[in-house]
Every structure is written in C-alpha cells, then in structure tokens.
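Residue numbers (our numbering): 2 to 353.
So this is what it looks like as structure tokens:
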C-alpha cells in the first residue's frame with residue numbers, strides 16, 4: 002500500500018512529468034532524423050535535435066505561461082490565434098536559418114526535390130502539433146479541476162442540506178411526542194378508559210417515527226397509514242366535539258414521500274379545533290393524486306385570533322414544513338395557506 006502511494010506521488014510530480022515528456026520528444030526526434038538522413042554526422046544530428054527541442058520548448062511554454070492565460074482565457078481568441086501563429090513562424094524560421102548556416106546534411110526528401118516550405122512542415126510539424134496539444138491538455142486539466150471543484154461544492158452542499166434536514170426532522174419527533182403525551186395526560190386526569198387505547202396507538206406511531214421515518218423517503222402507503230393512526234389518536238382525544246372527515250386515494254400508494262412532512266398540518270388543525278368553545282368545530286382532510294402530483298387539502302374551523310397564527314408558538318410546525326419543502330422539493334411544490342374568522346385552509350401540491 003505504501004509503495005502504491007509513493008508510485009502515485011512519483012507520477013503526480015509535475016517536474017517529473019515535464020522531464021519524461023521532453024525525454025520522449027528528444028527520443029522520437031532522434032529516431033526520425035536517423036530514419037530520414039543519407040549521411041549521418043553526429044554534430045549535425047545533435048544540432049538538429051537541439052534546435053527542434055529549443056523551438057518546441059519556446060513555443061509550448063510561451064503558449065502555456067503567456068498566450069493561454071493572458072489571451073485565450075480572457076476571450077481574446079483572434080489575438081491568440083494571430084500571436085501563436087506568428088510566434089510559430091518566427092521561431093521555426095529562426096531555427097531553419099540556423100540549419101542553413103551550419104550546412105547540415107541533406108535529407109532524403111530534399112534529394113527527392115521536396116520543396117522547402119514542406120521541408121519546414123516535416124521538420125517542425127511535431128512542434129506545431131505539440132503546441133496545439135499543450136493547449137488541449139491545459140483546458141482538459143482545467144475542465145477536470147472545475148469538475149472536481151463542482152463535485153466538492155455539490156457534496157458539501159448535499160451534506161449541509163442533509164444536516165439541516167436531519168435537524169428539522171428531529172424537531173418533529175419531540176414535538177409530536179409532547180402533544181401526544183399531553184393528550185394522554187389529560188385523559189388520565191379524567192380517568193378515561195380511552196387512555197390505554199391511546200397509549201397503544203402512540204406506540205405504533207412512535208415505532209414508525211423511530212424506524213421508518215429515519216429514511217430520506219418512505220413509501221407513501223406507510224405515511225398514509227401513519228396519518229390515519231394519527232387522526233384516530235386525535236379522534237379519541239376530541240371525542241364527539243369535532244366533526245372529522247378523512248379521505249385518501251389508493252393511487253398514491255405507488256409513490257414515495259419525505260416522512261412526517263404532512264404531520265404538522267394535522268397537528269395544528271386538531272390543536273385549534275380542540276381550543277374552540279362552540280360545538281361546530283370541524284376538520285376535513287383529503288389526499289389525492291393527479292398526474293404524478295400529490296394534492297393535500299386540509300381545512301379546519303377557526304376563530305379570529307388565527308390571524309396571528311404564524312406569529313405564535315403554534316406556527317413552528319408549519320414553518321418547519323416550509324423549510325423542508327424548500328430543501329427536498331425545490332420548484333416541485335406549491336403551498337397555499339388561507340385563513341379568516343371562519344376557517345383555516347391549507348392546499349399543498351407536490352410533484353412526486
């Protein structure tokens with residue numbers, strides 16, 4: 002394992018990469034010269050290799066260190082093309098002049114009457130290709146780096162959102178348990194025979210919260226079963242004082258949903274109707290599906306003081322839902338809340 006780490010570190014060494022690259026370049030050029038000469042002279046071959054190597058080094062590092070950062074990356078594309086082309090011809094013709102000055106041995110393609118412009122292309126074609134290749138490699142590495150940064154950012158954002166969602170979900174559990182225990186305590190004070198039944202239902206609900214609701218998403222069928230048990234528990238508490246109607250569409254069973262998302266709405270509805278003094282309290286709950294969209298509707302009787310609903314402690318649950326909706330279903334939900342002195346209505350649509 003330690004050897005592999007040293008090997009990876011060795012390969013990633015920037016200086017080593019350049020040394021290996023230029024060593025391979027010199028090797029290829031030397032082979033190319035020996036393959037295309039009629040009379041070999043060590044001095045001529047050495048001078049030709051050095052001149053081609055020098056031309057390639059000048060052009061490639063000018064391109065990487067100056068032309069790309071100060072021209073191409075600043076959207077001066079035309080100026081970049083003109084500059085790189087001009088530099089190429091200046092360097093190449095300077096080196097070619099050096100060849101003529103030292104009267105290097107002729108190549109077989111000169112003997113075959115190949116024109117000198119083509120001779121330059123053959124001699125320095127690899128240099129030109131490497132210059133272009135250096136640009137491509139630069140942008141490929143930059144693209145990979147940007148992708149890595151983007152992935153790191155997305156992962157960091159995902160972890161942050163996940164932590165925030167866990168915090169929001171954790172707020173629901175004690176809130177729900179606190180309300181349920183309060184209900185059981187009230188029945189116990191009245192020595193109601195319904196207290197044991199409420200404890201059993203609460204046990205089922207807490208089992209769902211502790212085990213199933215830990216997942217990011219749960220089958221909507223299980224969530225609906227939880228909602229039904231929750232409503233049954235509340236019905237026991239309010240007895241005949243509240244007219245409660247609940248409907249759900251079985252077509253929803255095939256979908257998944259974030260757990261406990263709808264619970265705060267139901268909790269608040271029962272909380273407010275149970276506080277009413279008249280006997281006309283009601284709660285209507287309906288869940289339906291239309292073209293892969295969940296429709297959640299709930300309305301309950303209300304009094305004038307509900308105008309300040311979202312400014313008191315009882316609005317915490319709904320604020321929690323709003324935050325979770327923004328995090329889990331961004332641009333995939335619509336929440337409408339309406340209230341007056343007669344009733345409080347919530348319409349929620351989620352693309353599931």
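Idealized CB from N, CA, C, for every residue including glycine.
Just verifying my parser: in three-state terms, what is the DSSP assignment at residue i?
i	result
residue 192	coil
residue 259	coil
residue 352	strand
residue 54	helix
residue 321	helix
residue 300	strand
residue 76	coil
residue 293	coil
residue 281	coil
residue 26	helix
residue 154	helix
residue 114	Low local confidence applies: a pLDDT of 36 at residue 114 is under 50, so the model's placement there is unreliable, with the coordinate-based value given in what follows. Of the three classes helix, strand and coil, the one that applies to residue 114 here is coil, per DSSP.
residue 142	helix
residue 18	helix
residue 343	coil
Using a Cβ-Cβ cut-off of 8 Å (strictly less than) and excluding sequence neighbours within five positions of residue i, which residues of its own chain qualify?
i	result
residue 291	none
residue 54	23, 26, 27 and 30
residue 296	287, 288, 289, 290, 348, 349 and 350
residue 180	268 and 272
residue 74	none
residue 257	218, 219, 220, 221 and 353
residue 80	72
residue 84	68 and 72
What does the alpha-carbon distance come out to for the pair residue i and residue j?
i	j	result
residue 64	residue 160	40 Å
residue 269	residue 193	24 Å
residue 199	residue 281	24 Å
residue 184	residue 146	57 Å
residue 285	residue 300	5 Å
residue 163	residue 274	34 Å
residue 61	residue 331	47 Å
residue 68	residue 158	36 Å
residue 52	residue 20	17 Å
residue 230	residue 239	14 Å
residue 136	residue 328	41 Å
residue 346	residue 263	14 Å
residue 319	residue 335	14 Å
residue 133	residue 148	23 Å
residue 298	residue 197	31 Å
What is the residue span of the alpha helix (DSSP H) that residue i lies within?
i	result
residue 68	That residue, residue 68, is in no alpha helix (DSSP H); it is neither H nor E in DSSP.
residue 275	264-275
Enumerate in chain order the residues of its own chain whose CB-to-CB distance from residue i is below 6 Å, with the five nearest sequence positions on each side excluded.
i	result
residue 249	225 and 288
residue 195	188 and 237
residue 294	350 and 352
What are the boundary residues of the beta strand (DSSP E) that residue i is part of?
i	result
residue 233	Counting along the chain, residue 233 falls outside any beta strand (DSSP E), though it belongs to the alpha helix (DSSP H) covering 221-239.
residue 249	243-249
residue 213	Looking at the DSSP string, residue 213 is not in any beta strand (DSSP E), and its letter there is neither H nor E.
residue 336	334-340
For residue i, I'd like the list of residues in its chain whose CB is within less than 7 Å of its CB, leaving aside the five on either flank, ordered along the chain.
i	result
residue 50	27, 30, 31 and 34
residue 333	351 and 352
- [ ] Would you check if the segment 192-210 and the segment 151-166 touch, i.e. whether three or more CB-CB distances between them fall below 8 Å?
- [x] no
Open item on the list: Count Cβ pairs between the segment 245-259 and the segment 197-204 that sit closer than 8 Å; are there 3 or more?
Closed with: no
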